[in-house]
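Before any comments, here is the structure.
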Amino acid sequence: MARMTYKDAGVDTVAKDRFIDKLFGLMRRTYNPRVIENDWGYAGFFALNGPANLFKKQYKDPILVSCADGVGTKLKIAQQTGKHDTVGIDLVAMSVNDLIVSGAEPLFFLDYIAVGPMDENMMLDVVKGLVRGCELSDCVLLGGETAQHPDDYGAGEYEMGGFCTGIVERERIIDGKSVCVGDAVIGVASSGLHSNGFTLVRKVLLEEAGLKLGDRIDGLRGTLGEELLTPTRIYVRAMKHVLAPYRTKKVVKAIAHITGGGIVENVPRVIPPDVDVEIRIGEVPVPRIFSFLQEKGGIPDDEMVRVFNMGLGLVMIVDPFYAKAVVRRLQEAGEVAAIVGTVKRGKREVAIKWK
12 MARMTYKDAG VDTVAKDRFI DKLFGLMRRT YNPRVIENDW GYAGFFALNG
62 PANLFKKQYK DPILVSCADG VGTKLKIAQQ TGKHDTVGID LVAMSVNDLI
112 VSGAEPLFFL DYIAVGPMDE NMMLDVVKGL VRGCELSDCV LLGGETAQHP
162 DDYGAGEYEM GGFCTGIVER ERIIDGKSVC VGDAVIGVAS SGLHSNGFTL
212 VRKVLLEEAG LKLGDRIDGL RGTLGEELLT PTRIYVRAMK HVLAPYRTKK
262 VVKAIAHITG GGIVENVPRV IPPDVDVEIR IGEVPVPRIF SFLQEKGGIP
312 DDEMVRVFNM GLGLVMIVDP FYAKAVVRRL QEAGEVAAIV GTVKRGKREV
362 AIKWK
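In the working numbering, the protein residues as written are 12 to 366.
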């Protein structure tokens with residue numbers, strides 16, 4: 012009988028160990044004084060107070076907030092193009108953006124990656140994206156797991172999930188309960204498709220239209236592949252900037268992260284049952300990729316707003332008296348934003364108007 016090793020079965024532990032050694036150097040770029048480093052543990056350690064006692068100074072009744080998400084079939088675009096250094100940003104963005112809509116700030120992030128045959132350079136590119144996403148989120152990449160599954164994934168294939176933990180003061184939780192008729196609706200621009208709807212995107216553009224990821228198309232940024240891989244925008248710093256002066260005022264009443272389900276399914280999640288939200292598409296510039304996709308696929312308007320963000324990465328509902336001030340603070344933080352609608356009496360629905 013032949014002698015078998017783990018490597019013969021498709022799992023290269025030596026290559027993984029080399030990858031892990033390089034990984035820790037990248038992760039340390041995100042560390043802050045709250046991280047307790049250890050070379051022996053099975054878990055990451057994060058001090059709630061740390062040397063400056065920041066928690067005791069900033070929080071009287073702190074609540075931990077957790078989110079988990081993935082990137083979906085956008086990963087297939089990365090794998091087909093061989094460009095892997097941005098999907099890590101997407102993975103972080105999907106969780107931290109979910110977290111900040113409650114008024115929380117992210118503390119640390121964990122990842123899980125399942126990969127086929129170990130490709131160190133590919134995995135390092137993925138982790139570089141994770142690190143960049145955490146840097147943009149002021150969030151620690153505290154740990155994770157990389158598992159080799161050669162029976163489930165082929166060469167160059169992988170799947171990943173992300174998990175984020177943050178914190179918010181109980182009295183400052185944004186829960187949408189105070190939203191009322193007359194409130195202003197603010198749209199914050201997306202960077203493009205973000206990380207949702209890619210099964211439809213791939214079906215329309217790559218299968219039905221027969222386009223190639225290397226094609227250059229007027230109005231899009233670079234090649235089609237580069238456009239589709241535009242990283243999901245991270246709004247953590249912008250939300251911190253907006254919320255900072257309103258710690259004792261309920262100025263920002265609700266925030267929706269426009270992900271799977273598009274505008275019409277995400278906004279109702281953050282409003283009371285007796286109101287509707289009217290949103291005008293086009294007040295915030297809509298990236299060309301959306302109209303291009305709609306033209307190529309003959310996608311109806313109502314389906315577009317049910318699947319995609321249509322240029323709005325976040326939708327905020329605010330006290331109308333402060334609406335212009337909130338827009339200014341978003342712009343100061345580098346975001347493109349505008350008042351895009353209002354709250355009316357209704358049944359927890361979204362009315363879309365096209366500019």
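A virtual CB, placed ideally from N, CA and C, is assigned to each residue, including glycine.
Original post:
Distance, Cα to Cα, Tyr-246 vs Asp-101?
Top reply: Here residue 246 corresponds to residue number 235 of the sequence shown, with the count starting at 1. Here residue 101 corresponds to residue number 90 of the sequence shown, with the count starting at 1. Tyr-246 and Asp-101: Cα-Cα distance of roughly 12 Å.
Original post:
Is the CB-CB distance between Gly-114 and Ile-184 below 9 Å?
Top reply: Here residue 114 is taken as the residue at index 103 of the sequence shown, counted from 1. Here residue 184 is taken as the residue at index 173 of the sequence shown, counted from 1. In this structure, Ile-184 lies closer than 9 Å to Gly-114 by Cβ.
Original post:
CA-CA distance, Ile-88 and Leu-240?
Top reply: Taking the first residue of the sequence shown as 1, we reach residue 88 at position 77. Taking the first residue of the sequence shown as 1, we reach residue 240 at position 229. If you draw a straight line from the Cα of Ile-88 to the Cα of Leu-240, it comes to about 7 Å.
Original post:
To the nearest whole angstrom, what separates the beta carbons of Gly-308 and Asn-207, a pair I think is in contact under 8 Å?
Top reply: For the purposes of this step, residue 308 is taken as the residue at position 297 of the sequence shown. For the purposes of this step, residue 207 is taken as the residue at position 196 of the sequence shown. Not confirmed; about 16 Å, so no contact.
Original post:
Short check: CB of Leu-118 to CB of Thr-176, under 9 Å?
Top reply: As a first step, residue 118 is located in the sequence shown; it is residue number 107 there, counting from the start. As a first step, residue 176 is located in the sequence shown; it is residue number 165 there, counting from the start. It is a contact, given that the beta carbons lie within the stated cut-off.
Original post:
Pick from Ile-363, Gly-357, Asp-194 and Ser-202: whose alpha carbon is nearest that of Tyr-333?
Top reply: The residue labelled residue 333 in the question sits at position 322 within the sequence shown. For Tyr-333, the nearest C-alpha among the options comes from Asp-194.
Original post:
Where does Tyr-333 sit, in a helix, a strand or coil, going by DSSP?
Top reply: Start at 1 with the first residue of the sequence shown, and residue 333 comes out as number 322. Helix, per DSSP.
Original post:
When the Cβ atoms of the segment 132-148 are set against those of the segment 281-296, are three or more pairs found closer than 8 Å?
Top reply: Too few Cβ pairs lie closer than 8 Å, so no.
**OP:** Return the bridge partner residues of Thr-92 from the DSSP annotation.
**Re:** Within the sequence shown, numbered from 1, the residue matching residue 92 stands at position 81. Beta-bridge partners of Thr-92 (DSSP): none assigned.
Original post:
Near Val-22, what residues of its chain come up, given a Cβ to Cβ distance below 7 Å and the 5 sequence neighbours on each side ignored?
Top reply: Here residue 22 refers to the residue found at position 11 of the sequence shown. The beta carbon of Val-22 sits closer than 7 Å to those of Gln-159 and Pro-161, all from its chain and outside the five residues before and after it, given in chain order.
Original post:
Can you tell me whether DSSP reads Met-15 as helix, strand or coil?
Top reply: By 1-based counting over the sequence shown, the position of residue 15 is 4. In this structure, DSSP gives Met-15 a state outside helix and strand, which the three-state scheme calls coil.
Original post:
What residues are listed by DSSP as bridge partners for Cys-78?
Top reply: Numbered from its first residue, the sequence shown carries residue 78 at position 67. Looking at the DSSP assignment, Cys-78 forms a beta bridge with Cys-175.
Subject >> Which listed residue (Glu-314, Val-192, Met-321 and Lys-223) has its alpha carbon closest to that of Val-329 >> reply: As a first step, residue 329 is located in the sequence shown; it is residue number 318 there, counting from the start. Considering only alpha carbons, the answer is Val-192.
Original post:
When the Cα of Leu-37 is compared with those of Thr-97, Leu-152 and Ala-255, which residue comes out closest?
Top reply: Mapped onto the sequence shown, residue 37 falls at position 26. When each option's Cα is compared against that of Leu-37, the closest is Leu-152.
Subject >> Proximity winner among Arg-227, Pro-331, Gly-221 and Gln-342, relative to Met-250 (alpha-carbon distances) >> reply: Along the sequence shown, one-based indexing puts residue 250 at 239. Closest option to Met-250, Cα to Cα, is Gln-342.
Subject >> Cα-Cα separation, Gly-140 to Thr-16 >> reply: On the sequence shown, residue 140 is found 129 positions in, with the first residue counted as 1. On the sequence shown, residue 16 is found 5 positions in, with the first residue counted as 1. Taking the straight line from one Cα to the other gives about 33 Å.
Original post:
Out of Pro-296, Gln-305, Pro-298 and Lys-264, which has the shortest C-alpha to C-alpha gap to Pro-283?
Top reply: Position 272 of the sequence shown, counted from the start, is the residue given in the question as residue 283. Taking Pro-283 as reference, the option from Pro-296, Gln-305, Pro-298 and Lys-264 with the minimal CA-CA separation is Lys-264.
Original post:
According to DSSP, what are the bridge partners of Val-414?
Top reply: Residue 414 is absent from the structure shown; the chain starts at 12 and stops at 366.
Original post:
Does the segment 313-321 come close enough to the segment 225-234 to have 3 or more Cβ pairs within less than 8 Å?
Top reply: As far as the Cβ criterion goes, the segment 313-321 does not touch the segment 225-234, which means the pair count is below three.
Original post:
From what residue to what residue does the alpha helix (DSSP H) around Glu-146 run?
Top reply: Taking the first residue of the sequence shown as position 1, residue 146 is located at position 135. DSSP places Glu-146 in the uninterrupted alpha helix (DSSP H) bounded by 131-147.
Subject >> Option in Glu-294, Ala-58, Lys-67 and Met-315 with minimal Cα separation from Val-199 >> reply: The residue you call residue 199 lines up with position 188 of the sequence shown. Ranking Glu-294, Ala-58, Lys-67 and Met-315 by Cα distance to Val-199 puts Glu-294 first.
Original post:
Roughly how far, in whole angstroms, is the beta-carbon of Leu-216 from the beta-carbon of Leu-235, given that I think they are within contact range, below 8 Å?
Top reply: Within the sequence shown, residue 216 is the residue found at index 205, counting from 1. Within the sequence shown, residue 235 is the residue found at index 224, counting from 1. Taking a contact as a CB-CB distance under 8 Å, the pair Leu-216 and Leu-235 counts as one, their CB atoms being some 7 Å apart.
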